[in-house]
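By numbering that gives the first Met the number 0, the letter at position 160 of the sequence shown is numbered 159, and the numbering carries on one by one without gaps. Just so it is clear, CB atoms sit at the ideal spot from N, CA and C, and this is done for glycine as well.
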Amino acid sequence: MKTLLIFISILFFNSCQKSNNEKSNSIEGDFNGDGITETAKLIKLDKESKDFKYYYEIIFSNKEIKKINISSQSDVYGINNENDLNNDNSDELSIIFNDSLENNCINTMFIRKFENGKWSFLIDPITISLECGKFKMNIQDYVIKENDHIKVFSYESNLTTDKLGKIDNVSLQEKIISLK
């Protein structure tokens, strides 16, 4: 009986832990550099058009931070706080799109920064894979800050999947981006 209780406790504890790649619709961070933590929420809008299939907005608890409007043919997987990548005392956020509609094998990550009252892109988008077997990495492992540069890991831009949705032959590329 004691063994059964220990086993159930372990299962419960493991099920309560958040996966590193769990879809996040709400994050916290200091996105405007004022030293106060804000909450960012990803909200799916109930509309569709001939131009775009998905509409979202990211709103912030600090109303002085402009919302981010998203319209895309790809669904949004989630948002992530990337911390302060460019040493400007404010956190950057990433928006991760699910580019393969049947699974989460191919994702595109856009990293945004809030500066001078508006949002812009910190770096070019990168292709990542969050939930695809041996190609799977944690969100936090794709962009790493190192002193005055960031190290970005991405898959080649022509990443494709086979009939079963598995990623075909690819290689992970490492790129160093100076932020000075």
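- Counting the other Cβ atoms within 10 Å of the Cβ of E91 gives 16 or more, which makes it buried.
- DSSP, read as helix, strand or coil, puts Q172 in strand.
- DSSP places K52 in no beta strand (DSSP E); its state is neither H nor E.
- Linking S119 to I125 through their CA atoms gives a straight-line distance of about 15 angstroms.
- Under the criterion of beta carbons closer than 8 angstroms, E37 and I64 qualify as touching, at roughly 6 angstroms.
- Nearest neighbour of I58 by Cα position, chosen from L41, D45, F51, turns out to be L41.
- Look at the region 64 to 91 and you find these whole runs of beta strand (DSSP E), each 3 residues long or longer: 67 to 71, 74 to 82.
- With a 10 Å radius around the Cβ and a threshold of 16 neighbouring Cβ atoms, I35 comes out exposed.
- For G28, the enclosing beta strand (DSSP E) starts and ends at 25 to 28.
- As computed with DSSP, S177 is found in a beta bridge with H148.
- The beta carbon of I67 lies closer than 8 angstroms to those of E56, I57, I94, R111, W118 in the same chain, with the five residues before and after it left out.
- For N88, the CB contacts under 6 angstroms within the same chain, skipping 5 residues up- and downstream, are G32 in chain order.
- The C-alpha of D50 lies about 28 angstroms from the C-alpha of S153.
- For L41, the uninterrupted beta strand (DSSP E) segment begins and ends at 37 to 43.
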